[in-house]
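K.L.:
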Amino acid sequence: MAATDKPVLLSTDNDGVRTLTLNRPDPKNAINSQLWIELADALRAAARDRDLRALVMTGAGGAFCSGADITTPEDIHPRHKLRRLTDVALALHELTVPTIAKVTGVAVGAGWNLALGCDFVVATPESRFSQIFSKRGLSVDLGGSWLLPKLVGLQQAKRLVLLADTIDADEALSLGLVTWVEPTDQIDEFVADLARRLAAGPPVALAQSKALLNDGANATLREALANEARSQPGNFATA
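Using this note's numbering, the final residue of the sequence shown is 649, and nothing's skipped along the way.
#1: Residue ranges of each alpha helix (DSSP H) run of no fewer than 4 residues wholly in the stretch 477 to 541, ordered along the chain?
#2: Just the C-alpha distance for Arg632 and Leu420, rounded to the nearest angstrom, thanks.
#3: Leaving aside the five residues before and after Val427 along the sequence, list all residues of the same chain whose C-beta is less than 6 angstroms from its C-beta, in chain order.
#4: Should Ile577 go down as buried or exposed, given a rule of 16 or more other Cβ atoms within 10 Å for buried?
#5: Under three-state DSSP, which class holds Asp625?
#6: To the nearest angstrom, report how far apart Gln371 and Ala457 are at their CA atoms.
#7: Taking contact to mean 3 or more Cβ pairs, one atom from each stretch, closer than 8 angstroms, check whether the stretch 435 to 454 and the stretch 516 to 527 are in contact.
#8: If you scan the stretch 423 to 458 from start to end, which runs of the alpha helix (DSSP H) of 4 or more residues do you find wholly inside it?
#9: Are at least three pairs of beta-carbons, each pair with one atom in the stretch 529 to 539 and one in the stretch 552 to 560, less than 8 angstroms apart?
#10: Are at least three pairs of beta-carbons, each pair with one atom in the stretch 483 to 495 and one in the stretch 460 to 475, less than 8 angstroms apart?
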């Protein structure tokens, strides 16, 4: 990065809470090659940080993320580009600490799926969401084909992806794709308080519960009970 360039990803820590801010406000934080790489590196670094208790992801300039930057040509095979998306999606999913997406403005395409990869999504009444891929002649990516059916069921997932309609925060909330909708002038305080509450919780228990819930949808009841039985003794050891 040249000395005159602005960093494309900002990272700040506060009492066990790390905030990652996508910092390309002019293209509404569209994720270019450099940002994909830095985001994957930042998420891996978060996974290694034993003092980290919660992670917040947001965007600069009044938008969360307008998806992948497809306007800048690159001399690289598409499969290598998609590998960068895979790295980010897996690094986010495998984080053991609670994650929060703070969504102001738009979250579309890969940007929306980045938010959906977090444990909680907090939006404002002005937030707008779209699985815009088909309008760009693309198929869904960044884990959307896995996340959406789990969150809203197959039919609603197909509606959102195949029609690529834009929905508002209230509809996203009703579908279970947003956890809270907060006034624009209060979202920063709300997310900061939420992150503090999560950071103050028992880290081992929260990490285990998060993993159990993530895995439970793909498990039988017997398997889920066995996983719970394996996890619980570790909590007694740290109580």
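Every residue, glycine too, gets a C-beta built ideally from N, C-alpha and C.
P.N.:
Taking the structure as given:
#1: Taken in chain order, the complete alpha helix (DSSP H) segments of 4 residues or longer contained in the stretch 477 to 541 are 488 to 503 and 520 to 526.
#2: The residue given as residue 632 occupies position 222 in the sequence shown. The residue given as residue 420 occupies position 10 in the sequence shown. The straight-line gap from Cα to Cα measures roughly 43 angstroms.
#3: Looking up residue 427 in the sequence shown gives position 17. The residues are Ala464, Ala605 and Ala609.
#4: The sequence position of residue 577 within the sequence shown is 167, counting from 1. With 16 or more Cβ atoms within 10 Å of its Cβ, Ile577 is classed as buried.
#5: Here residue 625 is taken as the residue at index 215 of the sequence shown, counted from 1. Three-state DSSP puts Asp625 in a helix.
#6: Any question about residue 371 goes unanswered here, given that the chain covers just 411 to 649.
#7: Output reads yes: the stretch 516 to 527 touches the stretch 435 to 454.
#8: Counting whole runs of 4 or more residues, the stretch 423 to 458 contains the alpha helix (DSSP H) stretches 443 to 458.
#9: For the pair of segments examined, the stretch 529 to 539 was found not to touch the stretch 552 to 560: the number of CB pairs separated by less than 8 angstroms stays below three.
#10: When Cβ pairs closer than 8 angstroms are counted between the two stretches, the stretch 483 to 495 is seen not to touch the stretch 460 to 475, the count staying below three.
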